[in-house]
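**Student:**
There are 2 protein chains.
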Amino acid sequence: MDNFTFHNPTRIIFGKESVGQIGGVIKEAGGKRVLLVAGGGSIRKNGVYDTVARSLKEAGLTWVEAWGVRPNPVLAKAREIIALAQKEKVDAVLAVGGGSVIDTAKSVAAGVFLQDLWAAFERQVEVTTALPIFVVLTMSGTGSEMDPLAVLTHEADVKKWVLRSPALFPVASIIDPTVQQSLPWHQTVNGAIDAMTHVMEFYFLGTWEETTMALDESLMRTIIKMTHLLQQNPLGYEARANLAWAASLALNGLTGVGLREGDFATHRLETAMSAVFPEIAHGAGLGVLFPAWILYMKDYNPATFARWAREVWEAGSVEEGVARMRLTFQGWDAPVTLEELGVSEADIPAIVAAALKVGILGRLKELTPGDLSAILRLAL
Amino acid sequence: MDNFTFHNPTRIIFGKESVGQIGGVIKEAGGKRVLLVAGGGSIRKNGVYDTVARSLKEAGLTWVEAWGVRPNPVLAKAREIIALAQKEKVDAVLAVGGGSVIDTAKSVAAGVFLQDLWAAFERQVEVTTALPIFVVLTMSGTGSEMDPLAVLTHEADVKKWVLRSPALFPVASIIDPTVQQSLPWHQTVNGAIDAMTHVMEFYFLGTWEETTMALDESLMRTIIKMTHLLQQNPLGYEARANLAWAASLALNGLTGVGLREGDFATHRLETAMSAVFPEIAHGAGLGVLFPAWILYMKDYNPATFARWAREVWEAGSVEEGVARMRLTFQGWDAPVTLEELGVSEADIPAIVAAALKVGILGRLKELTPGDLSAILRLAL
């Protein structure tokens, strides 16, 4: 087990009817003037916006709203909101939405203190401070509600990159699973697959990190079980709640304890792919790429890949484990081939080129352009 | 799954050669004059004290030392150290030791702001502030390095009680597993049993908290596996490290998410027993009482007790699971009967009387004096 530091200061407020606490939570943390960041308007339909607005008002807070954050959120939008935040002199940022909204809100919270936000994504400057970040989560999967990360796409440069800083941990995140009962099925599935791959990106580096690896296996099994249950009954509260909490745990630091920083090659490859094809949902892309990555990498840590097949899929071999994973994803109506995503062999060079911009990819094995192409071909 | 709030702000610095970071960590948090709390002197023998002293010095900190905290730590000692802390105007408290030392240090950190420390244990006053608490852990098991609790014994009143406050979370805890390689075997075992029972106190309340329950099972299995490995090779770093981290996770809040506040009846019964018999080590007492509690309670949540037997012990019934647990503890040279602890049937009324002082005991079932006696008799 490698030496590690674990520190996750985010407060999670979880459960039914919890959204209305947001005003009090921000006020207690010293916020007065809030920037509310949101997406396309689903929170108007499901009542979350009304509850949030009422709560902010009752707490005596004023706020300004920035709408229109899209899936695979872009730098241009974050910059636009930074200008608004600066003009309006907000002292707290509230994301009401899923991963894209949260990541944009985090980028803004840091960006108001930066000359150039993208320079931080390029690691030319370090993010050491940010406005306090609050979250009302409407879709589980990315883990952004309890992690120190933000992902944005620089459209012109075809880069979908990650910013990491302890300043990006939300102060508090509210997770009311009932809010997610109205999600379209494919969004639930994309979130589940995203969360599962967060665990796997760490897990496969494991050898002697028994505490972490056993915890990781318990989370993977739970995510699979709860998604099955939700497929049978999308309104089931317990399955929704357990899936939501498992997704938060999947990337809050615990799943990677002692495992260095994980091997996020598949995540980077997927973000490269969705930088090229912005219409691909992150979870869907991961569900296609991860099985291929496992098949390509299985000999680089064979005991752990075999353990994964056995413990998560009750399979006798890695190949069988991957086959069961693909069958499971298919059973959830998720794509398992690049073809289903509208990506063909001819697109592989562009995706590889986008991936290589990140720098070194892969920790279990440093992936060459040839490796990346081979993994993508295994996913065709 | 019940609604919950999860917040654990403690920073864990974990690994080989990490003890020497303590000075820098305290300095960075703003500490200048430190109260160092310690036990009977084992940290002088294993070099930990020298490393800590050098680190404090190098960070430019001054400090005052309070030695002599005993297992099952007492109020009188905490009061004595509070007087020292006030006289010396310390601004940070550093525990260098195991659970008893940490709990005393936490009590002092809160106590310097209180008229009467014990009134807080009696819940007559609330603890809202404390000096910043830092830990160098020398024995895993109690979880105090990452929890908001402190346990002290009021000797005259025969009360061993718990204080809980968010102010008691350590700011930072350093866990170097190599420090624990020199522990006597029975201390390793007592720590492992203590940690396992922390998980169980929550787990048996579970019904639909799949994420938490699966995580709890993974921790119980890991604790058992790692203790077996340490019995074969006490110097094995990986087993020691995994056991240490599992013990921290066992009571840092995660294992009880959605499970209200757990059913700590066995813990309270054990602390009552060791209030009457202060020579009984906490972990040893728990190893004796917990199997009896399970046998007595198994019909109050039968599906979960059966699941525990199956998932943790690969047993076909609760009785078989308990038998395997007792065999495991015996295999570790831990006591499994009250007789081995020097407690006889004639002592049961005194233990029950001490337990009843706490107030209501048990959440799965509110335990009557008759229930408590019956559980103790099952442990004879």
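Chains as they are written, first to last, in my numbering: chain A, 281 to 660; chain B, 281 to 660. Even for Gly, the Cβ is constructed at its ideal location relative to N, Cα and C. Note that this is a predicted model, so its numbers are computed, not measured.
1. Going by DSSP in three states, B:Gly-377 sits in which element: helix, strand or coil?
2. Looking only at DSSP bridge pairs, what is B:His-434 linked to?
3. Less than 8 angstroms between the beta carbons of B:Val-451 and B:Phe-414, yes or no?
4. Tell me the DSSP bridge mates of B:Trp-343?
5. Please report the residue range of the alpha helix (DSSP H) in which B:Ser-653 lies.
6. I want to see whether chain B comes within less than 8 angstroms of A:Met-480, judged by CB atoms only; does it?
7. Can you tell which of B:Thr-535, B:Ala-524, B:Gly-311 and B:Leu-355 has its C-alpha closest to the C-alpha of B:Thr-418?
8. Determine the DSSP secondary structure at A:Ile-292, reduced to helix, strand or coil.
9. Would you call A:Thr-440 buried or exposed, if buried means 16 or more other Cβ atoms sit within 10 Å of its Cβ?
10. Identify every residue that forms a DSSP beta bridge with B:Leu-417.
11. Just to make sure I have the definition right: I need the residues of chain A whose C-beta is within less than 7 angstroms of the C-beta of B:Asn-283. Which are they?
12. Rank A:Phe-286, A:Thr-290, A:Arg-291 and A:Ile-292 by C-alpha distance to the C-alpha of B:Arg-291 and give the top, closest one.
13. Helix, strand or coil for B:Phe-484, going by three-state DSSP, please let me know.
14. Pick out whichever of B:His-466, B:Gly-516 and B:Val-407 has its Cα sitting closest to the Cα of B:Glu-447.
15. Straight-line CA distance for B:Leu-641 to B:Glu-402?
16. Suppose you measure from the CA of A:Lys-505 to the CA of A:Ala-545; what does that come to, to the nearest Å?
17. Give, in chain order, every residue of the segment 323-354 of chain B whose Cβ lies closer than 9 angstroms to some Cβ of chain A.
18. Using a beta-carbon distance cut-off of less than 7 angstroms, what residues from the segment 500-518 of chain B approach chain A?
19. Report the three-state DSSP secondary structure of B:Val-537 (helix, strand or coil).
20. Indicate whether the contact test is met: 3 or more Cβ pairs, each with one atom in the segment 530-543 of chain B and one in the segment 487-501 of chain B, closer than 8 angstroms.
21. B:Asn-532: buried (16+ other C-beta within 10 angstroms of its C-beta) or exposed?
22. For A:Thr-285, which of helix, strand or coil comes out of DSSP?
23. Relative to chain A, which residues along the segment 603-614 of chain B have a C-beta separation below 8 angstroms, given in chain order?
24. For A:Gln-301, which residues from the same chain have a beta carbon less than 8 angstroms from its beta carbon, with the 5 sequence-adjacent residues on both sides left out?
25. Taking all protein chains shown into account, do 16 or more other C-beta atoms lie within 10 angstroms of the C-beta of A:Lys-369, making it buried, or fewer, making it exposed?
26. Quick one: what's got a C-beta closer than 6 angstroms to B:Gly-378's C-beta in the same chain, skipping five residues either side?
27. Are the C-beta atoms of B:Arg-291 and some chain A residue less than 8 angstroms apart?
28. Can you find a C-beta in chain B that's less than 8 angstroms from the C-beta of A:Phe-286?
29. Using the Cβ count rule (16 or more neighbours within 10 Å means buried), how would you classify B:Trp-465?
30. Quick one: which residues of the segment 531-542 of chain A get their C-beta closer than 8 angstroms to a C-beta of chain B? List them in chain order.
31. For the alpha helix (DSSP H) holding A:Asn-522, just list the boundary residues, first then last.
32. Given a threshold of 16 other Cβ atoms within 10 Å of its Cβ, counted over all protein chains shown, does A:Leu-315 qualify as buried or as exposed?
33. In terms of residue numbering, what span does the alpha helix (DSSP H) encompassing B:Tyr-576 cover?
34. On the criterion of 16 or more Cβ atoms from any shown chain inside 10 Å, does B:Ser-624 qualify as buried, or is it exposed?
35. Please classify A:Arg-520 as buried or exposed, where buried requires at least 16 neighbouring CB atoms within 10 angstroms.
36. Which residues in the same chain have their Cβ closer than 8 angstroms to the Cβ of A:Leu-364, if we skip the five residues on either side of it in sequence?
**Tutor:** Looking at the atomic coordinates:
1. In the second sequence, residue 377 of chain B corresponds to position 97, counting from 1. Here B:Gly-377 sits in strand by DSSP.
2. Position 154 of the second sequence, counted from the start, is the residue given in the question as residue 434 of chain B. The partner list for B:His-434 (beta bridge, DSSP) reads B:Lys-439.
3. For the purposes of this step, residue 451 of chain B is taken as the residue at position 171 of the second sequence. For the purposes of this step, residue 414 of chain B is taken as the residue at position 134 of the second sequence. Result yes, Cβ atoms of B:Val-451 and B:Phe-414 sit closer than 8 angstroms.
4. Numbered from its first residue, the second sequence carries residue 343 of chain B at position 63. Under DSSP, B:Trp-343 forms a beta bridge with B:Val-314.
5. By 1-based counting over the second sequence, the position of residue 653 of chain B is 373. Taken as a continuous stretch (DSSP letters only), the alpha helix (DSSP H) holding B:Ser-653 covers 649-658.
6. Along the first sequence, one-based indexing puts residue 480 of chain A at 200. Not closer than 8 angstroms to any Cβ of chain B, the Cβ of A:Met-480 fails to qualify, so no.
7. Translated into positions along the second sequence, residue 418 of chain B becomes position 138. Measuring from the Cα of B:Thr-418, the nearest candidate turns out to be B:Ala-524.
8. Here residue 292 of chain A refers to the residue found at position 12 when the first sequence is read from its first residue. Three-state result, A:Ile-292: strand.
9. The residue labelled residue 440 of chain A in the question sits at position 160 within the first sequence. It should be pointed out that residue 440 of chain A corresponds to Lys in this sequence rather than to Thr. Label assigned to A:Lys-440: buried.
10. Position 137 of the second sequence holds residue 417 of chain B. Assignment of beta-bridge partners to B:Leu-417 by DSSP yields B:Gly-377 and B:Ile-455.
11. As a position in the second sequence, residue 283 of chain B is number 3, starting the count at 1. For B:Asn-283, the chain A residues whose Cβ falls inside 7 angstroms of its Cβ are Phe-294, Gly-295, Lys-296 and Ser-298, in order along the chain.
12. The residue labelled residue 291 of chain B in the question sits at position 11 within the second sequence. Measuring from the Cα of B:Arg-291, the nearest candidate turns out to be A:Phe-286.
13. Translated into the one-based positions of the second sequence, residue 484 of chain B becomes position 204. DSSP places B:Phe-484 in coil when its eight states are reduced to three.
14. For the purposes of this step, residue 447 of chain B is identified with residue 167 of the second sequence, where counting begins at 1. This sequence places Ala at residue 447 of chain B; Glu is not what is there. That would be B:Val-407, whose Cα lies nearest to the Cα of B:Ala-447.
15. The count along the second sequence starts at 1 and reaches residue 641 of chain B at position 361. The count along the second sequence starts at 1 and reaches residue 402 of chain B at position 122. In this structure, the alpha-carbon of B:Leu-641 lies about 15 angstroms from that of B:Glu-402.
16. For the purposes of this step, residue 505 of chain A is identified with residue 225 of the first sequence, where counting begins at 1. For the purposes of this step, residue 545 of chain A is identified with residue 265 of the first sequence, where counting begins at 1. A direct Cα-Cα distance of roughly 26 angstroms separates A:Lys-505 from A:Ala-545.
17. Those would be none; no residue qualifies.
18. Of all residues in the segment 500-518 of chain B, those with a C-beta nearer than 7 angstroms to a C-beta of chain A are Arg-501, Thr-502, Lys-505, Met-506 and Glu-518, reading in chain order.
19. Your numbering for residue 537 of chain B matches position 257 in the second sequence. Looking at B:Val-537 - three-state DSSP - the assignment turns out to be coil, as it is neither helix nor strand.
20. Touching, per the Cβ criterion.
21. Looking up residue 532 of chain B in the second sequence gives position 252. Buried: at least 16 other Cβ atoms inside 10 Å.
22. Taking the first residue of the first sequence as position 1, residue 285 of chain A is located at position 5. DSSP places A:Thr-285 within a strand segment (E or B) once states are collapsed to three.
23. Answer in chain order: no residues at all.
24. Position 21 of the first sequence, counted from the first residue, corresponds to residue 301 of chain A. Ile-293, Ser-335 and Ile-454, listed in sequence order.
25. Here residue 369 of chain A is taken as the residue at index 89 of the first sequence, counted from 1. Of the residues assessed, A:Lys-369 falls on the exposed side of the cut-off, its CB having fewer than 16 other CB atoms within 10 angstroms.
26. In the second sequence, the residue the question calls residue 378 of chain B occupies position 98. Apart from the 5 residues on each side of it in sequence, B:Gly-378 sits with its Cβ closer than 6 angstroms to the Cβ of Thr-418 and Met-419 in its chain, given in chain order.
27. Counting from 1 along the second sequence, the entry for residue 291 of chain B is found at position 11. Yes, because at least one Cβ of chain A sits closer than 8 angstroms to the Cβ of B:Arg-291.
28. Translated into the one-based positions of the first sequence, residue 286 of chain A becomes position 6. Interface criterion met: the Cβ of A:Phe-286 is under 8 angstroms from a Cβ in chain B.
29. As a first step, residue 465 of chain B must be located in the second sequence, where it is residue number 185. Result: exposed.
30. Listed in sequence order: Leu-534, Val-537 and Gly-538.
31. Here residue 522 of chain A corresponds to residue number 242 of the first sequence, with the count starting at 1. Element bounds for A:Asn-522: 517-530.
32. Within the first sequence, residue 315 of chain A is the residue found at index 35, counting from 1. Using a 10 angstroms sphere on the CB of A:Leu-315, the tally of other CB atoms reaches 16 or more, which defines it as buried.
33. What you label residue 576 of chain B is simply residue 296 of the second sequence in a count that begins at 1. Where B:Tyr-576 is concerned, the enclosing alpha helix (DSSP H) stretches over 562-577.
34. Stepping through the second sequence from its first residue, residue 624 of chain B is reached at position 344. So B:Ser-624 counts as exposed.
35. Here residue 520 of chain A refers to the residue found at position 240 when the first sequence is read from its first residue. So A:Arg-520 counts as buried.
36. For this step, residue 364 of chain A is matched to residue 84 along the first sequence. Excluding residues within five positions, the ones whose Cβ falls inside 8 angstroms are Leu-315, Val-344 and Ala-346.
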